[in-house]
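Quick note, the working numbering runs 939 ahead of the 1-based positions in the sequence shown. First the structure, in the form of structure tokens, and then the observations on it.
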Amino acid sequence: MLKLNGKIALVTGASSGIGAASALTLAEQGAVVAIAARRRQRLDDLATRIRDNGGEALAIEADITDEAQATTMVRRVLEDYGRLDMLFNVAGIGVAAPFQNTTTGECREMVDINILGLLYTINAALPAMKRQKTGHIVIVSSGTGRYIHPSVVYSGTKHAASAMAESLRREIGKDGIRVTVIEPGAVRTEFTANMRDDVRLAVEQRLGDMEQLESEDIAAAMLYAVLQPPRVNVNILTLYPTQQA
Ligand SMILES: NC(=O)c1ccc[n+]([C@@H]2O[C@H](COP(=O)([O-])OP(=O)(O)OC[C@H]3O[C@@H](n4cnc5c(N)ncnc54)[C@H](OP(=O)(O)O)[C@@H]3O)[C@@H](O)[C@H]2O)c1
């Protein structure tokens, strides 16, 4: 018997890295997974992979910085499956640079995705979870959201995500809704490759040949959190590469 049989999950940021690995892990455990991001082809390829493995997947193209698209994304899941058991907020970007090497445009982008996009998505999902009297919201923040970090604005957006998750947990726990924050250190994904060249080079130099976490390590941590009995809320999981800890 698969452990998440019959459960409906929505994963944002599912077109690569941690989100894609999470979707695969959840599907392997029997969950129906709605996978969302902007890159349609990536989502379609992942959906095919999940179906080829015997799972069920729904690809939803959405830019979560647009509140209407974030709302439609959640509504689509509810229309197709009638409920939403688990919401995995993975979508995010980072320009891991000092404040004086971060443009205001980059600041806005990080706030738009890492804070506002996250809030639009949760806001759209909460009424259904409250009606159901059960649900699990997982938020991928970052170690830079707990500890002071030189990437000032990225770290600030992740501090906001972690802090709001803490308060939200206290607000909605009584409704049977769990909130878990995952705070990883360096994970080997496209995250760094997507940064501006000079920032990327500085990050690569900082990390050197250190063995980073894999996306599957984060997916396993999320799975641990959602598989606990409903009375157990795993509040925060902080995972670092052994050589970075
Ligand atoms: N890698 C690390 O070292 C690390 C460490 C700590 C925390 N994190 C956090 O982990 C999360 C996942 O990152 P990752 O490492 O897996 O990097 P990634 O491979 O670059 O994945 C980022 C995901 O976010 C999606 N995304 C970006 N902007 C979006 C938007 N406006 N609307 C919808 N989706 C959007 C991307 O999809 P599209 O481009 O297709 O939209 C992609 O699927 C992020 O929140 C990141 O801050 C990463």
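All C-beta atoms in this analysis are idealised placements derived from N, C-alpha and C, irrespective of residue type, glycine included. Note that the structure is a prediction, hence the values are computed from the model and not measured.
Simplified DSSP assignment, three categories, for residue i
i	result
Phe1038	helix
Thr1128	coil
Arg1108	helix
Arg1047	helix
Asn1062	helix
Gly1074	strand
Met1025	strand
Leu1152	strand
Ile1054	helix
Arg1170	coil
Ile1116	strand
Thr949	Here residue 949 is Leu; the residue named in the question, Thr, does not match the sequence. The answer is strand: DSSP assigns Leu949 an E or B state.
Ile1032	coil
Ala975	strand
Thr1004	coil
Ile957	helix
Leu985	helix
Thr1177	strand
Ala882	The displayed coordinates of the chain run from 940 to 1184. Any statement about residue 882 would go beyond what the structure contains.
Ala1158	helix
Span separating the alpha-carbon of residue i from that of residue j
i	j	result
Val1120	Ala986	26 Å
Met940	Lys946	13 Å
Gly1124	Tyr1086	11 Å
His1075	Ala1099	19 Å
Ala1007	Thr1060	10 Å
Gln1039	Asn1062	33 Å
Val1171	Ile999	31 Å
Ala975	Arg1145	31 Å
Leu1107	Glu1155	27 Å
Gly1044	Asn1053	14 Å
Ala1067	Leu1152	34 Å
Asn1174	Val1118	7 Å
Ala1158	Val1013	21 Å
Arg982	Asn992	The residue asked about is misnamed: residue 982 is Leu in this sequence, not Arg. If I take the Cα positions, the gap works out to 15 Å.
Ala1184	Glu1018	43 Å
Same chain, Cβ closer than 7 Å to residue i, five either side skipped, listed in chain order
i	result
Gly1056	Ile1003, Thr1004, Ala1009 and Ala1030
Phe1130	Gly956 and Gly1033
Thr1083	Ser1090, Tyr1093, Ser1094 and Lys1097
Tyr1020	Ile947 and Val971
Gln1182	Met1149 and Glu1150
Met1161	Ser961, Phe1027, Val1077 and Ile1121
Asp1051	Thr1004
Arg990	Ala996
Own chain partners of residue i with C-beta closer than 6 Å, once the 5 adjacent residues on each side are dropped
i	result
Gly994	Ala966
Val1016	Leu949, Ala973 and Leu1023
Pro1089	Pro1037
Val1092	Thr1041, Cys1046 and Met1049
Leu1166	Lys942
Ala959	Ala953 and Leu985
Arg978	Ser954
Leu1026	Leu949, Ala1064 and Ile1076
Same chain, Cβ closer than 8 Å to residue i, five either side skipped, listed in chain order
i	result
Thr1011	Ala1001
Arg988	Leu963
Val1142	Ala1035, Thr1131 and Met1134
Lys1069	Ile1111, Asp1114 and Ile1116
Val1138	Val1034, Ala1035, Ala1036 and Asn1040
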